[in-house]
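Numbering (the UniProt record's numbering), first residue to last: 1 to 264.
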């Protein structure tokens, strides 16, 4: 059984499935995907992801503000975030983090929001889902300052081994997406080969970043199978063992997720 540890079910392009989310999830289930973590990115979609997690037994969700969704003149309120997190199907915080690629001038407000999410993680004990791009040093510095007792994950990881090792040394997990299959991703494949087996997750980040051979098309949760098969081959592991290990890793990192065994 596989878990798609990071997908945006409320944003999928469902044209390939007749506009039906039910059909899209069934297609993934038929390929061995047994659980989905639907990610919050803004105050606007917090209610949407919770509705989806309530509707489907094999969907849980997170709530948070993506760094590119942080308003330039205000950070989210801690009281609001804690209220949104107080829901049985909200198993994680985020995605949050830093992204200086498009908005380097927004670094201060992004850092303030990231600190707020880390404080919510401290108060709730829920793991944090981290987006980082073009902000390596600041991301690691804020994680070190927070020194959270529970783990989190650097999702859709695209940085180098030095950053991965620094995060791993602090107890974080690394999640890989379809980017690892891209032709120009040699450095990322080096990271993928080195991450310890018990600290690795797989994801689609759908509807974005579809893996080869679907690159350039809308991504779907069913394509997490391609990511997992590629990584198993890269690491010299059997697909079955790789799927089992990454599912166990997901359950360990997100203990509130209602992941059922394949026989359940």
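Cβ coordinates follow ideal geometry from the N, Cα and C atoms, glycine included.
Next on the checklist: Please report the distance separating the alpha-carbon of residue 142 from that of residue 127.
Outcome noted: 15 Å
Checklist entry - Below 8 Å, can you find three or more Cβ-Cβ pairs linking the stretch 106–120 to the stretch 67–76? => result yes
Next on the checklist: So, does the stretch 79–91 touch the stretch 113–122, judging by three or more C-beta pairs under 8 Å?
Outcome noted: yes
Next on the checklist: Going residue by residue through the stretch 5–63, where are the continuous alpha helix (DSSP H) segments of at least 4 residues, counting only ones entirely within it?
Outcome noted: 21–29 and 46–55
Checklist entry - Which residues bound the alpha helix (DSSP H) around residue 227? => result 224–235
Checklist entry - Span of the beta strand (DSSP E) holding residue 96? => result 90–99
Next on the checklist: Rounding to the nearest angstrom, what Cα-Cα distance links residue 43 and residue 122 in this structure?
Outcome noted: 20 Å
Checklist entry - Helix, strand or coil: which one does DSSP assign to residue 260? => result coil
Next on the checklist: Measuring straight from C-alpha to C-alpha, what distance separates residue 27 and residue 101?
Outcome noted: 34 Å
Checklist entry - For the beta strand (DSSP E) that residue 175 lies in, which residues bound it at each end? => result 173–176
Checklist entry - What are the complete beta strand (DSSP E) segments, minimum 3 residues, inside the stretch 80–159? => result 90–99 and 128–133
Item to check | Integer Cβ distance of residue 206 from residue 221, believed to fall under 8 Å | outcome: 6 Å
Item to check | Rounded C-alpha distance that separates residue 29 from residue 179 | outcome: 22 Å
Checklist entry - Which residue from 124, 192 and 65 puts its Cα closest to that of residue 86? => result 124
Checklist entry - Considering only the beta carbon of each residue, do residue 59 and residue 140 sit closer than 9 Å? => result no
Item to check | Residue ranges of each beta strand (DSSP E) within the stretch 197–226, 3 or longer | outcome: 200–202
Item to check | Three CB pairs or more closer than 8 Å across the stretch 59–70 and the stretch 91–99 | outcome: yes
Checklist entry - Among the residues of its own chain, which have a CB less than 7 Å from the CB of residue 14, if the five just before and after it don't count? => result 20, 21 and 24
Checklist entry - What number of angstroms, rounded off, separates the C-alpha of residue 1 from the C-alpha of residue 247? => result 7 Å
Checklist entry - Over what stretch of residues does the alpha helix (DSSP H) that includes residue 191 continue unbroken? => result 186–194
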